[in-house]
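Below is one structure, written out as structure tokens, with a few remarks after it.
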Amino acid sequence: MGLIFYLSSNTFCLPKLPSNSDKLIHILVYIPLAFLLYISLDRSGVKRYVFGIAILLTGIYGFTDEFHQSFVAGRDASLYDSLADFTGALLGSLAGSFFKT
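Residue numbers (this note's numbering): -4 to 96.
Written out as structure tokens, the structure reads:
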């Protein structure tokens, strides 16, 4: 989460990317976040609603990160980025449900 916050707090000179390719990056960043949260919740004894809680918490973090970006010069908040974050949260939680012990 700290890395996500750091990256979203700065404006980097990145090469020109194809349109909407940043959505794939959002998804790929939020998959492991949700996966690790799912596994952590499952192992901590929270057995009920782990899938939904992991998606909800990861999705909320994605939304607050987008809100935070609205205050960073050179960055902007995007509902589509939040939806991509939520998609990553869903996929990461789904992966966690397959790999739980």
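Using N, Cα and C, we set each Cβ at its ideal position, and we do this for glycine too. In this text the structure is predicted, and so the values were computed from the model without any measurement.
- The three-state secondary structure of Phe66, taken from DSSP, is coil.
- Going by DSSP, Pro27 is part of the alpha helix (DSSP H) stretching over Ser16 to Arg38.
- When C-alpha distances from Gly57 are compared across Gly69, Ala68, Tyr75 and Val67, the shortest belongs to Tyr75.
- Distance from Ile55 to Ser88 at the Cβ level is roughly 13 Å; contact not present, criterion being Cβ atoms closer than 8 Å.
- Cβ neighbours of Val41 within its own chain (closer than 8 Å, five residues either side excluded): Ile48.
- The three-state secondary structure of Asp60, taken from DSSP, is helix.
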